[in-house]
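Undergrad: Got a structure for you, written out below as structure tokens; questions coming shortly.
Residue numbers (the UniProt record's numbering): 1 to 276.
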């Protein structure tokens with residue numbers, strides 16, 4: 001009897017040790033999952049070895065990889081996988097499960113994490129989308145609103161801080177705004193020269209078309225040339241024929257000189273008698 005009682009005590013003690021070890025493991029997993037839940041929206045996970053064979057039939061196996069931080073190893077999918085049952089048995093179980101909600105092979109898969117209450121009642125917990133093999137957690141409405149509010153508050157706080165930096169106060173003057181330092185800094189800063197961007201192919205083609213159109217409307221004029229000579233534009237021939245006015249001017253000068261000589265040969269005009 002004593003031997004049997006000792007054996008039973010050892011057995012109960014071993015069972016208690018195992019149970020406490022299991023509880024500690026479960027508690028550790030829960031703590032780690034709670035710690036990861038705070039940062040799951042900012043991380044992603046991928047296993048490149050699965051990407052070539054990823055389809056609707058293998059996407060849940062891919063999602064249930066041990067290194068995937070989004071997967072809860074205490075879910076019903078893990079129980080079904082260990083017992084080698086089909087996914088249809090999930091409808092008869094109660095607890096957390098993962099299902100394939102939408103598939104658009106081979107690029108997009110959506111997996112939902114849900115809490116099953118009965119064969120006909122489930123509560124959605126989270127959604128995950130897989131794009132090109134990379135798993136992300138879809139943000140919930142509360143996280144989106146929280147992010148937008150934080151962004152708006154940060155912008156408003158920055159505006160208030162900058163406005164307060166320009167505010168001045170003196171007991172005799174009161175409050176006023178001081179922006180001179182800011183204006184002086186703007187004056188000191190050299191103005192950056194704009195870089196001339198090269199023309200595009202479309203612009204060059206349009207300019208060539210306009211130049212060709214102008215050339216057709218106003219063609220250049222050339223004088224008939226002799227054999228072996230280069231064509232001479234009409235404008236140059238006109239310029240070469242312009243020295244004629246110089247000869248005319250020289251003739252005019254000669255006529256004025258002759259008139260002056262004739263006037264100089266005449267005597268002074270006679271004096272008229274005064275009338276008394």
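For every residue, glycine included, the Cβ atom is placed at its ideal position computed from N, Cα and C.
This structure is a prediction, so every number in the text was calculated from the model and none was measured.
(1) For residue 116 versus residue 91, is the C-beta distance shorter than 9 angstroms?
(2) Since residue 55 contacts residue 88 with CB under 8 angstroms, what's their CB separation in whole angstroms?
(3) Residue 58 and residue 50: beta carbons closer than 9 angstroms?
(4) Assuming contact is defined by CB atoms lying nearer than 9 angstroms, are residue 107 and residue 100 in contact in what I supplied?
(5) Among 144, 60, 96, which has the Cα closest to the Cα of residue 72?
(6) What are the residues that DSSP puts in a beta bridge with residue 111?
(7) Quick check on the DSSP output: the alpha helix (DSSP H) that includes residue 203 runs from which residue to which?
(8) Starting from the Cα of residue 79, find the closest Cα among 124, 137, 94 and give me that residue.
(9) What separation, rounded to the nearest whole angstrom, lies between the Cα atoms of residue 146 and residue 126?
(10) With DSSP as the reference, label residue 178 as helix, strand or coil.
(11) Assign residue 134 to one of three DSSP states: helix, strand, or coil.
(12) Here's the rule I'm using: 16 or more other beta-carbon atoms within 10 Å means buried, otherwise exposed. How should residue 42 be labelled?
(13) What does DSSP give as the partner residue(s) for residue 169 in the beta ladder?
(14) With C-beta atoms as the reference, is residue 121 less than 9 angstroms away from residue 98?
(15) With a 10 Å radius around its C-beta and 16 neighbouring C-beta atoms as the bar for buried, classify residue 133 as buried or exposed.
(16) Counting along the chain, where does the alpha helix (DSSP H) carrying residue 62 start and finish?
(17) Within the continuous alpha helix (DSSP H) that includes residue 79, where are the two ends?
(18) To the nearest angstrom, how far is the alpha carbon of residue 77 from that of residue 39?
(19) Please list, in chain order, all residues of the same chain as residue 177 whose beta carbon is under 8 angstroms from its beta carbon, the five residues on each side excluded.
(20) Taking DSSP as the reference, what is the three-state secondary structure of residue 53?
(21) Can you say whether residue 216 is buried or exposed, counting buried as having 16 or more other CB atoms within 10 angstroms of its CB?
(22) Which term fits residue 17, buried or exposed, when burial requires 16 or more other beta carbons within 10 angstroms of its beta carbon?
(23) Below 8 angstroms on the Cβ atoms is my guess for residue 129 versus residue 70; work out the distance and round it to an integer in Å.
(24) What did DSSP end up calling residue 118 once you bin it into helix, strand or coil?
TA: Checking against the coordinates, here is how it stands:
(1) For residue 116 and residue 91, yes; Cβs fall inside 9 angstroms.
(2) Between residue 55 and residue 88 a beta carbon distance of about 19 angstroms is seen, past the 8 angstroms cut, so the two are scored as non-contacting.
(3) Yes. Within cutoff.
(4) Remark: C-beta atoms of residue 107 and residue 100 do not approach each other more closely than 9 angstroms.
(5) Among 144, 60, 96, the Cα nearest to that of residue 72 belongs to 96.
(6) According to the DSSP secondary-structure assignment, residue 111 is paired through a beta bridge with 100, 128.
(7) For residue 203, the enclosing alpha helix (DSSP H) starts and ends at 201 to 217.
(8) Nearest to residue 79 by alpha-carbon distance, out of 124, 137, 94, is 94.
(9) Across the structure, residue 146 and residue 126 are spaced so that their CA atoms are roughly 17 angstroms apart.
(10) For residue 178, the three-state secondary structure derived from DSSP is coil.
(11) Note: residue 134 maps to strand in three-state DSSP.
(12) Answer is exposed; the Cβ neighbour count stays below 16.
(13) Bridge partners of residue 169 according to DSSP: 175.
(14) Taking 9 angstroms as the Cβ cut-off, residue 121 and residue 98 do not qualify as a contacting pair.
(15) Only buried fits residue 133, as 16 or more other CB atoms lie within 10 angstroms of its CB.
(16) For residue 62, the enclosing alpha helix (DSSP H) begins and ends at 59 to 63.
(17) Residue 79 -> alpha helix (DSSP H) spans 76 to 82.
(18) Going by the C-alpha atoms only, they are around 24 angstroms apart.
(19) The beta carbon of residue 177 is closer than 8 angstroms to those of 166, 167, 168 in its chain, skipping five residues each way along the sequence.
(20) Residue 53: helix per DSSP, three-state reduction.
(21) With fewer than 16 other Cβ atoms within 10 Å, it is exposed.
(22) The predicted model places residue 17 with a pLDDT of 41, which falls under 50 and marks its position as unreliable, so this point remains unresolved.
(23) Taking the Cβ atoms as the reference, residue 129 lies roughly 11 angstroms from residue 70, outside the contact range of under 8 angstroms.
(24) In the three-state reduction of the DSSP assignment, residue 118 falls in the strand class.
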